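Residue numbers (my numbering): 10 to 108. Ideal Cβ positions, reconstructed from N, Cα and C, are used throughout, including at glycine. Since this is a predicted model, take the numbers as computed values, not measurements.
Have a look at this one:
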């Protein structure tokens with residue numbers, strides 16, 4: 010993240026990782042305060058262009074790794090709930106590697 014040239018780019022990466030899905034680039038672009046006077050189409054194009062920058066790609070990877078590390082306890086808790094829930098079908102548990 011420190012390799013990024015300014016805080017708006019850092020904000021873009023943060024919003025892009027934390028709110029994934031269709032339209033995430035344009036949404037992150039707006040949330041970072043970029044292209045506020047642009048049309049949604051142009052915001053999406055600029056967000057796409059920004060995502061092609063190697064520094065942004067590296068920062069997205071870095072933030073994603075951090076989020077996944079922090080989410081591990083929550084994932085373990087969810088897995089335990091699946092295992093302990095008698096209503097969860099056994100084939101589903103097997104597909105998840107719990108059987």
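Smallest Cα separation from residue 49: which of 38, 59 and 84? Here residue 49 corresponds to residue number 40 of the chain shown, with the count starting at 1. Out of 38, 59 and 84, 38 has the C-alpha closest to the C-alpha of residue 49.
Please specify which runs of the beta strand (DSSP E), each continuous and at least 3 residues long, are wholly inside the stretch 36-70, giving them in chain order. Those beta strand (DSSP E) runs which fall completely within the stretch 36-70 and span 3+ residues do not exist here.
Would you call the CB atoms of residue 27 and residue 68 closer than 8 Å? For the purposes of this step, residue 27 is taken as the residue at position 18 of the chain shown. For the purposes of this step, residue 68 is taken as the residue at position 59 of the chain shown. No. Outside cutoff.
Does the distance from the C-beta atom of residue 52 to that of residue 35 stay below 8 Å? Translated into the one-based positions of the chain shown, residue 52 becomes position 43. Translated into the one-based positions of the chain shown, residue 35 becomes position 26. At the C-beta level, residue 52 and residue 35 come within 8 Å of one another.
For the alpha helix (DSSP H) holding residue 28, just list the boundary residues, first then last. Locating residue 28 in the chain shown gives position 19, where the first residue counts as 1. Note, residue 28: premise wrong, no alpha helix (DSSP H); not H, not E.
Whole-angstrom distance between residue 47 and residue 54, CA atom to CA atom: Here the question's residue 54 lines up with position 45 in the chain shown. Here the question's residue 47 lines up with position 38 in the chain shown. Their backbone Cα atoms lie some 10 Å apart in a straight line.
Would you say residue 43 and residue 19 are within 8 Å of each other, going by their C-beta atoms? For the purposes of this step, residue 43 is taken as the residue at position 34 of the chain shown. For the purposes of this step, residue 19 is taken as the residue at position 10 of the chain shown. Cβ atoms of residue 43 and residue 19: not closer than 8 Å.
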